[in-house]
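First comes the structure, then the notes that go with it.
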Amino acid sequence: MALVEFTRPALEAGGFAGWVPFGEVRASACPSSGGVYVITYGGSKPLTFAEQSCGGWFKGKDPTVSHEALAANWVDDAEVVYIGKADQLNRRLTQFADFGAGKPVGHWGGRLIWQLPRVDQLLVAWKQTPGQVPVEVEAELIASFRQAYGKPPFANDPHRLGT
0 MALVEFTRPA LEAGGFAGWV PFGEVRASAC PSSGGVYVIT YGGSKPLTFA
50 EQSCGGWFKG KDPTVSHEAL AANWVDDAEV VYIGKADQLN RRLTQFADFG
100 AGKPVGHWGG RLIWQLPRVD QLLVAWKQTP GQVPVEVEAE LIASFRQAYG
150 KPPFANDPHR LGT
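The sequence shown lines up with residues 0 to 162 when you count with numbering that gives the first Met the number 0.
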């Protein structure tokens, strides 16, 4: 597996497009095809996290994560805070944005991002994956990120507490 650089210029060179704030994802030109997406955070390392997630409660479950888990999952010097996949990018990203807006949507993956102190600094970029299975491309990207940083992106695999 080739090591991927997880900076915006490198990801753009690798075919990622969009780079829109979550609040604008519904109105963006996000494709309906399958693919992968990354979420980047423009803020520096958070000194504190939000006490309560702004994410929606789904089936009565609070999406809030402890500060210890958030701190353990933080990846220093990484712009990418989440890597995801979708069979339909526009539908999946709209669900993710709706979850972050407090709607009771079943998008539990990536919920840690909704406790960052400046969610307005979250950007979404996507890459279509014609001829490839999005879940396999996502797994390769996460493995490459883990190789580069020693653990998965901040909001991927949060139950592992950063290990």
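Just so it is clear, CB atoms sit at the ideal spot from N, CA and C, and this is done for glycine as well. These numbers were taken from a predicted model, which means no experiment stands behind them.
Can you give me the C-alpha to C-alpha distance between ASP119 and GLU135, rounded to a whole angstrom?
30 Å
Pull up the distance between the alpha-carbon of ASP86 and that of PHE48, whole angstroms please.
31 Å
According to DSSP, is PRO20 helix, strand or coil?
strand
Buried or exposed: where does SER31 fall if 16 or more other Cβ atoms within 10 Å of its Cβ makes it buried?
exposed
Using the Cβ count rule (16 or more neighbours within 10 Å means buried), how would you classify GLU137?
buried
DSSP three-state call for ALA12: helix, strand or coil?
helix
I'd like the span of the beta strand (DSSP E) that includes ALA85, first residue to last.
79-85
Reference ARG219, options PHE95, LYS126, THR6, ALA142, closest by Cα
The chain is shown only over 0 to 162; residue 219 falls outside these bounds and no answer can be derived.
Determine the burial state of GLY33: buried for a count of at least 16 other Cβ atoms within 10 Å of its Cβ, exposed for fewer.
buried
Exposure label - ARG110; buried when at least 16 CB within 10 Å
buried
Would you list the residues sitting across from TYR36 in a DSSP beta bridge?
GLY83, TRP125
Opposite LYS60 in the DSSP bridges: which residues?
PHE57
Kindly indicate which residue of LEU10, ASP156, PHE15, SER27 has the alpha-carbon position closest to the one of ARG90.
SER27
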